[in-house]
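Chemist:
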Amino acid sequence: MKYILIIGCGKSGKGLALDLSRSENVVVVDKSLRSLDTLGDDFNGKKIWADAMDTTTLEKAGVKEADIVFLLTGNDNLNLVVSKVVRRKYGVRQVILQVNDSTKEKIFQEEGLEIINRTSLMVEVLRGFIS
Amino acid sequence: MYIVIAGAGRLGLVLAKKLNEDNHRICLIDKNESLCNKLAGELKGVMIIAGDATYPEILREAKLEKADVCVSAAATDEDNIIICHLAKELFGIKRTVARVNDPKHIPLYKYMEVDNPVDSTSIIARIVEEEASFTDVMSLLSIKKGRLSIVRVDIPEESPVANKSLKDIKLPPNSVLVSIIRGPDIIIPYGSTEILPGDEIIAATLIDVEKDLIKALIGKI
Chain A
57 MKYILIIGCG
67 KSGKGLALDL
77 SRSENVVVVD
87 KSLRSLDTLG
97 DDFNGKKIWA
107 DAMDTTTLEK
117 AGVKEADIVF
127 LLTGNDNLNL
137 VVSKVVRRKY
147 GVRQVILQVN
157 DSTKEKIFQE
167 EGLEIINRTS
177 LMVEVLRGFI
187 S
Chain B
1218 MYIVIAGAGR
1228 LGLVLAKKLN
1238 EDNHRICLID
1248 KNESLCNKLA
1258 GELKGVMIIA
1268 GDATYPEILR
1278 EAKLEKADVC
1288 VSAAATDEDN
1298 IIICHLAKEL
1308 FGIKRTVARV
1318 NDPKHIPLYK
1328 YMEVDNPVDS
1338 TSIIARIVEE
1348 EASFTDVMSL
1358 LSIKKGRLSI
1368 VRVDIPEESP
1378 VANKSLKDIK
1388 LPPNSVLVSI
1398 IRGPDIIIPY
1408 GSTEILPGDE
1418 IIAATLIDVE
1428 KDLIKALIGK
1438 I
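So the protein sequences, as listed, match chains A and B. Each residue of the first sequence is one higher than the one before, counting from 57 in the working numbering. Each residue of the second sequence is one higher than the one before, counting from 1218 in the working numbering.
1. For chain B, is any of its Cβ atoms less than 8 angstroms away from the one on Thr94/A?
2. Measuring only the C-alpha atoms, how far is Ile1341/B from Val1368/B?
3. I'd like to know whether the C-beta of Pro1324/B is nearer than 8 angstroms to at least one C-beta of chain A.
4. Among the candidates Leu1230/B, Val1354/B, Ile1246/B and Leu1260/B, whose CA atom is the shortest distance from the CA of Glu1417/B?
5. Could you name the residues that DSSP lists as bridge partners for Arg143/A?
6. Which bits of chain A does Ile1298/B rub up against, with CB to CB less than 8 angstroms?
7. List the endpoints of the continuous alpha helix (DSSP H) containing Glu115/A.
8. May I ask you to verify whether the segment 1224–1241 of chain B touches the segment 1282–1291 of chain B, counting CB pairs closer than 8 angstroms and requiring at least 3?
9. Count the other C-beta atoms from every protein chain shown that fall within 10 angstroms of the C-beta of Pro1401/B, then say buried if there are 16 or more, exposed otherwise.
10. Quick one: grab the DSSP three-state call for Pro1401/B.
11. Nearest chain A C-beta to Asp1425/B closer than 8 angstroms, yes or no?
12. Verify the CB distance criterion: does Pro1273/B have a CB-CB separation below 8 angstroms to chain A?
13. In whole angstroms, what separates the C-alpha of Asn1380/B from that of Glu1374/B?
14. Exposed or buried, what is Val179/A when buried is set at 16 or more other beta-carbons lying within 10 Å of its beta-carbon?
15. When Cβ atoms are compared, which residues of the segment 109–129 of chain A fall closer than 7 angstroms to chain B?
16. Anything in the segment 147–168 of chain A with a Cβ closer than 7 angstroms to a Cβ of chain B? List those residues in chain order, please.
17. Rank Glu1250/B, Lys1387/B and Thr1410/B by C-alpha distance to the C-alpha of Ile1398/B and give the top, closest one.
18. Using a C-beta to C-beta distance shorter than 9 angstroms, which residues of chain B count as neighbours of Asp107/A?
19. What are the residues of the segment 70–90 of chain A that lie near chain B, defined by any Cβ-Cβ distance shorter than 7 angstroms?
20. Would the segment 144–161 of chain A and the segment 124–136 of chain A be scored as touching if the rule is three or more Cβ pairs under 8 angstroms?
21. Does the structure place the segment 134–145 of chain A close enough to the segment 106–122 of chain A that three or more beta carbon pairs sit under 8 angstroms?
22. Report, in whole angstroms, the separation of the C-beta atoms of Glu1427/B and Ser1366/B, which I expect to be a contact under 8 angstroms.
23. Could you check where the beta strand (DSSP E) with Asn1237/B kicks off and where it finishes?
24. Could you list which residues in chain B have their beta carbon closer than 7 angstroms to that of Val141/A, in chain order?
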């Protein structure tokens, strides 16, 4: 079982958390209690209602033991800042973050960070229909 | 100097005005377009850019590469950190200063190598604490990661040094009295200066003898 930390419980975060919590050890962090509540009773993991920019939150969420960290808040800048710290300070091997702006995506690219851009993903999928 | 300020909130604005008066060249960036239009009319000689300073093209428009200092005073800490990070990495800025909104985020500022994260909340808390004077002793400033400390000590009636001249007082080594505040007067003390009850003493001391100094001045800790 992998230890998975998900920061941001919006649509993607919630969907991923519900899916993964069936087979993996999942911790979800969000600063909104209402968002965490949307996980409902089917969620089989830990919820932490706190600010991810506070390193004590990350440590409480077990960042040091995490195999994978997903940063899925709607805030590109927050995802970028926290991803760097998670990667470099806590040495998490796999860090996946959502960045919706493509210029930032290019600048902040570095080894060990997997940047997901919603628009490019959509474009790729839509392109697949043309053959 | 050429200074780029990101964020035209209260702090950014006051800073821009002040530095402009001191004849520095200023560029002020803010996301709020109508605010920028208003400021463009009010702030003569300040370059105003409407845009999100966490985007490199906006910083390029501000000619950040020519700046001596980049000050980030945005409303969120993630924006401040990104702005300072871009300033360093893409524009080679040596000095980045940022206003910390939430002191809990300071480790992130340090980790992302912002040169001077200014924690206004803690600074104000310290001033309020000093004004409220909860104690006879107040730490004013610590230098070199806390090794040198500047303290303020109120001299009580029963102080062992009250009504004595400086030359008759034995202070611990590595500590020195810098000045005496007596009512409206600031006195720079020398050997024959007498310390009176009610004086406020400003002293500099190495941190390991701070307690000894306080004991010597007020008789207890």
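For glycine and all other residues, C-beta sits at the position ideal for the given N, C-alpha and C.
Modeler: According to the data block:
1. Translated into the one-based positions of the first sequence, residue 94/A becomes position 38. Taking CB atoms only, Thr94/A has no neighbour in chain B less than 8 angstroms away.
2. For the purposes of this step, residue 1341/B is taken as the residue at position 124 of the second sequence. For the purposes of this step, residue 1368/B is taken as the residue at position 151 of the second sequence. Taking the straight line from one Cα to the other gives about 17 angstroms.
3. Here residue 1324/B is taken as the residue at index 107 of the second sequence, counted from 1. Taking Cβ atoms only, chain A reaches closer than 8 angstroms to Pro1324/B, which makes this a yes.
4. Taking the first residue of the second sequence as 1, we reach residue 1417/B at position 200. Selection Leu1230/B, Val1354/B, Ile1246/B and Leu1260/B evaluated against Glu1417/B yields Val1354/B as nearest (Cα-Cα).
5. Here residue 143/A refers to the residue found at position 87 of the first sequence. BP columns for Arg143/A are empty, so no partner.
6. Working through the second sequence from its first residue, we reach residue 1298/B at position 81. Residues of chain A passing the Cβ test: Asn133 and Val137.
7. As a position in the first sequence, residue 115/A is number 59, starting the count at 1. Segment Thr111 to Lys116, the alpha helix (DSSP H) holding Glu115/A.
8. Contact between the segment 1224–1241 of chain B and the segment 1282–1291 of chain B is present, because at least three Cβ pairs lie under 8 angstroms.
9. Within the second sequence, the letter at position 184 stands for residue 1401/B. Looking at its Cβ environment, which holds fewer than 16 other Cβ atoms inside 10 Å, Pro1401/B is exposed.
10. Taking the first residue of the second sequence as position 1, residue 1401/B is located at position 184. Assigned with DSSP and collapsed to three states, Pro1401/B falls in coil, not helix or strand.
11. Walking along the second sequence from the start, residue 1425/B turns up at place 208. No, because no Cβ of chain A sits closer than 8 angstroms to the Cβ of Asp1425/B.
12. If you number the second sequence from 1, residue 1273/B lands on position 56. Yes, Pro1273/B counts as interfacial toward chain A.
13. Numbered from its first residue, the second sequence carries residue 1380/B at position 163. Numbered from its first residue, the second sequence carries residue 1374/B at position 157. Going by the C-alpha atoms only, they are around 9 angstroms apart.
14. The residue you call residue 179/A lines up with position 123 of the first sequence. Result: exposed.
15. Listed in sequence order: Met109, Asp110 and Thr111.
16. Contact residues of the segment 147–168 of chain A toward chain B are Thr159 and Ile163 (C-beta to C-beta distance below 7 angstroms).
17. Here residue 1398/B refers to the residue found at position 181 when the second sequence is read from its first residue. The candidate whose alpha carbon is nearest that of Ile1398/B is Thr1410/B.
18. Residue 107/A sits at position 51 when you count from the first residue of the first sequence. Going along chain B in sequence order, the residues near Asp107/A (Cβ under 9 angstroms) are Asp1319, Lys1321 and His1322.
19. Listed in chain order, the positions of the segment 70–90 of chain A with a beta carbon within less than 7 angstroms of a beta carbon of chain B would be empty, since no residue qualifies.
20. The segment 144–161 of chain A makes contact with the segment 124–136 of chain A, as at least three CB pairs between them are under 8 angstroms.
21. Short answer: they touch.
22. Walking along the second sequence from the start, residue 1427/B turns up at place 210. Walking along the second sequence from the start, residue 1366/B turns up at place 149. Contact holds; Cβ gap of about 6 angstroms.
23. Against the second sequence, residue 1237/B aligns to sequence position 20. Where Asn1237/B is concerned, there is no enclosing beta strand (DSSP E), although the alpha helix (DSSP H) it sits in stretches over Arg1227 to Glu1238.
24. Residue 141/A sits at position 85 when you count from the first residue of the first sequence. Near Val141/A (Cβ distances below 7 angstroms), the residues of chain B are Leu1325 and Tyr1328.
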